[in-house]
Amino acid sequence: MPTKRTRSSATGARLERENTNDDVYEKIYVAILEHRLHPGTKLVEERLADIFGVSRARVREVLARMAHEQIVELYPQRGAYVAKPSAEQALDVFEARRLIEPALLRRLIDTLTPDKVARLRSHQQLEVDARRREDKRAIVRLSGEFHTLLAELAGNSALSRSMRELSSLTCLIIFLYDSPTATSCRADEHSQIVEAIAKRDLARAEKLMLQHLDHIESSLKLDAAADEVDLEAIFRE
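Position 16, counted from 1, in the sequence shown is what the UniProt record's numbering calls 16; the numbers after and before it change by one each time, with no gaps.
Here it is in structure tokens:
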């Protein structure tokens with residue numbers, strides 16, 4: 001029978017493994033959001049294990065998690081690749097977002113607090129600053145994170161997970177079907193949505209969100225191909 005010390009040691013090892021996995025996950029996730037990892041890029045377990053200083057088993061766990069979230073695609077005997085959504089999948093993503101995001105706005109406004117408004121405005125300021133600095137990677141990442149923040153503040157964990165997946169897929173779609181310059185997210189649209197939320201104007205917030213999604217989708221072009229990239233260079237910048 002395991003002793004208390006043995007159980008404590010096992011728990012500590014599990015937490016350490018989970019923290020390591022989360023760290024690797026976040027680094028890959030952010031690289032995708034910032035368009036440093038292109039759709040279709042092969043994620044070589046051995047290379048990633050060496051880059052992050054972890055075992056291949058840890059990398060495999062992370063890639064399996066990302067495959068479950070549709071951010072990565074796993075192929076038997078071929079390995080893992082950053083997802084490369086088709087045009088049809090892109091349309092499905094925007095259809096799902098049109099259904100989910102108005103629901104998130106309703107829930108958020110119903111539970112709105114001054115702290116939530118402050119967090120939205122703080123994030124919006126980060127976006128403004130990134131645009132001022134013309135930091136294209138930060139603009140893309142922060143634009144995606146704005147929508148996941150809305151979901152987080154709405155307080156529904158299931159919807160929040162779905163929104164995170166949809167935002168990640170949207171970033172991949174923008175890279176594939178539009179140049180990765182974040183021009184498909186207009187500079188003032190997020191701020192207008194935030195102000196409508198702050199005023200608890202649900203009708204306006206929903207209208208602005210749907211228009212925002214329309215603008216992104218209408219900017220897409222069904223052509224683009226990702227070049228080969230150097231995994232080591234991406235994560236050691």
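Here a beta-carbon is modelled for each residue, glycine too, at the ideal position from N, C-alpha and C.
Source: prediction; values computed, not measured.
{"Item": "By the three-class DSSP mapping on this structure, what secondary structure does Leu166 have?", "Value": "helix"}
{"Item": "Indicate whether the contact test is met: 3 or more Cβ pairs, each with one atom in the stretch 200-216 and one in the stretch 116-134, closer than 8 angstroms.", "Value": "no"}
{"Item": "Counting Cβ pairs, one atom from each stretch, are 3 or more of them under 8 angstroms apart for the stretch 113-121 and the stretch 190-197?", "Value": "yes"}
{"Item": "Compare the C-alpha of Asp230 against each of Tyr29, Leu37, Phe52 and name the closest.", "Value": "Leu37"}
{"Item": "Examine the Cβ distances between the stretch 133-140 and the stretch 74-93 and report whether three or more of them are shorter than 8 angstroms.", "Value": "no"}
{"Item": "Can you tell me where the alpha helix (DSSP H) holding Gly144 begins and where it ends?", "Value": "136-154"}
{"Item": "Please classify His35: is it buried, with 16 or more other beta-carbons within 10 angstroms of its beta-carbon, or exposed?", "Value": "buried"}
{"Item": "Indicate whether the contact test is met: 3 or more Cβ pairs, each with one atom in the stretch 43-53 and one in the stretch 154-173, closer than 8 angstroms.", "Value": "no"}
{"Item": "Given Ala226, which residues of its chain have a CB within under 6 angstroms of its CB, disregarding the five upstream and five downstream residues?", "Value": "Note on Ala226: pLDDT 46, under 50, position unreliable in the model; the coordinate value appears next. The answer, listed in chain order, is His38, Pro39, Gly40."}
{"Item": "Are the CB atoms of Ile100 and Leu169 within a distance shorter than 8 angstroms?", "Value": "no"}
{"Item": "Are Ile173 and Val44 closer than 8 angstroms when you measure CB to CB?", "Value": "no"}
{"Item": "For a quick check, are the C-beta atoms of Leu63 and Val54 less than 8 angstroms apart?", "Value": "no"}
{"Item": "I'd like the span of the beta strand (DSSP E) that includes Leu74, first residue to last.", "Value": "72-75"}
{"Item": "Taking 8 angstroms as the threshold (C-beta atoms), are Leu150 and Leu108 in contact?", "Value": "yes"}
{"Item": "In its own chain, which residues sit with a C-beta less than 8 angstroms from the C-beta of Leu104, not counting the 5 before and 5 after it?", "Value": "Leu150, Ala151, Ala154, Asn156, Leu159, Met163"}
{"Item": "Specify the secondary structure class of Val62 as computed by DSSP and reduced to three states.", "Value": "helix"}
{"Item": "Flag this pair as yes or no: are the beta carbons of residue 238 and Tyr177 separated by less than 8 angstroms?", "Value": "The question about residue 238 has no answer here: the residues shown for the chain are numbered 1 through 237."}
{"Item": "Within the same chain, show all residues whose beta-carbon is closer than 7 angstroms to that of Glu217, passing over the 5 residues directly before and after it, in chain order.", "Value": "Phe94"}
{"Item": "Would you please state the rounded distance, in angstroms, between the beta carbons of Arg58 and Asn21? I believe it to be under 8 angstroms.", "Value": "6 angstroms"}
{"Item": "What number of angstroms, rounded off, separates the C-alpha of Tyr25 from the C-alpha of Met66?", "Value": "8 angstroms"}
{"Item": "For Gly79, I'd like the list of residues in its chain whose CB is within less than 8 angstroms of its CB, leaving aside the five on either flank, ordered along the chain.", "Value": "Lys42, Leu43, Val44, Glu45"}
{"Item": "Less than 8 angstroms separating the beta-carbons of Ala31 and Phe235?", "Value": "yes"}
{"Item": "For Ala130, count the other beta carbons within 10 Å of its own beta carbon; 16 or more makes it buried, fewer makes it exposed. Which is it?", "Value": "buried"}
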